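Numbering (the numbering used here), first residue to last: 3 to 109.
Below is one structure, written out as structure tokens; comments come after it.
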Amino acid sequence: MMTFQLDFLAKTIHWVADVPAGLVRFIGIGELLAAIGLIVPAATGVFPQLTAVAAGGLGFIMTSASILHIIRGEFFALPMTIVLTALAAFVENERWKLAPLRIKSWD
């Protein structure tokens with residue numbers, strides 16, 4: 003069943019067919035966890051420093067995606083990955099150094 007889903011994904015995202023299925027799943031899980039890590043800690047105030055860590059992880063994934071697209075000659079995908087890398091770096095810098103989130107008090 004999972005192979006079918008990857009085959010379906012490979013029809014629209016061409017690099018999926020050229021990398022191991024485990025890597026595709028790892029990237030998907032990493033991006034999903036990064037999205038959760040960007041929103042939930044900031045919204046709840048529980049471990050808010052995880053927002054910066056999630057942004058750093060997402061920046062790493064997007065930098066790796068840029069490298070993959072350069073190697074494959076898919077330069078049309080670079081603007082999106084570069085913008086997402088820059089946004090992740092901005093959030094990481096803001097939440098780690100300039101305006102760290104505070105832990106909410108439950109008093």
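Positions of the beta carbon are idealized from the N, C-alpha and C atoms, including for glycine.
These numbers come from a predicted model, not from an experiment.
query = What is the rounded straight-line gap between the Cα of residue 16 and the Cα of residue 70?
reply = As a working mapping, residue 16 is identified with position 14 in the sequence shown. As a working mapping, residue 70 is identified with position 68 in the sequence shown. Approximately 12 angstroms between the Cα atoms of the pair.
message = Would residue 87 and residue 65 qualify as a contact pair, given that the criterion is a beta-carbon distance under 8 angstroms?
response = Against the sequence shown, residue 87 aligns to sequence position 85. Against the sequence shown, residue 65 aligns to sequence position 63. Yes; because the gap between Cβ atoms is below 8 angstroms, this pair is in contact.
ask   = Touching or not, the segment 73 to 91 and the segment 54 to 62, by the rule of three or more beta carbon pairs under 8 angstroms?
value = The segment 73 to 91 is in contact with the segment 54 to 62.
task = Take the Cβ of residue 75 as the centre, count every other Cβ of all protein chains shown within 10 Å, and call the residue buried at 16 or more, exposed below.
result = As a position in the sequence shown, residue 75 is number 73, starting the count at 1. By the neighbour-count rule (16 or more Cβ atoms within 10 Å), residue 75 is not buried but exposed.
request  = Please go through the segment 37 to 103 and give each complete alpha helix (DSSP H) segment of 4 or more residues, from N-terminal end onward.
outcome  = If only complete runs of 4 or more residues are kept, the segment 37 to 103 shows the alpha helix (DSSP H) at 52 to 74 and 80 to 95, in order along the chain.
Top-ranked residue by Cα proximity to residue 26, from 41, 93, 10 and 44 = What you label residue 26 is simply residue 24 of the sequence shown in a count that begins at 1. The candidate whose alpha carbon is nearest that of residue 26 is 10.
ask   = So is residue 22 buried or exposed if we call it buried at 16+ other beta carbons inside 10 Å?
value = Working through the sequence shown from its first residue, we reach residue 22 at position 20. Exposed is the call here.
query = Closest to residue 80 by CA distance: which of 90, 92, 91 and 67 is it?
reply = For the purposes of this step, residue 80 is identified with residue 78 of the sequence shown, where counting begins at 1. Here the closest residue by C-alpha is 67.
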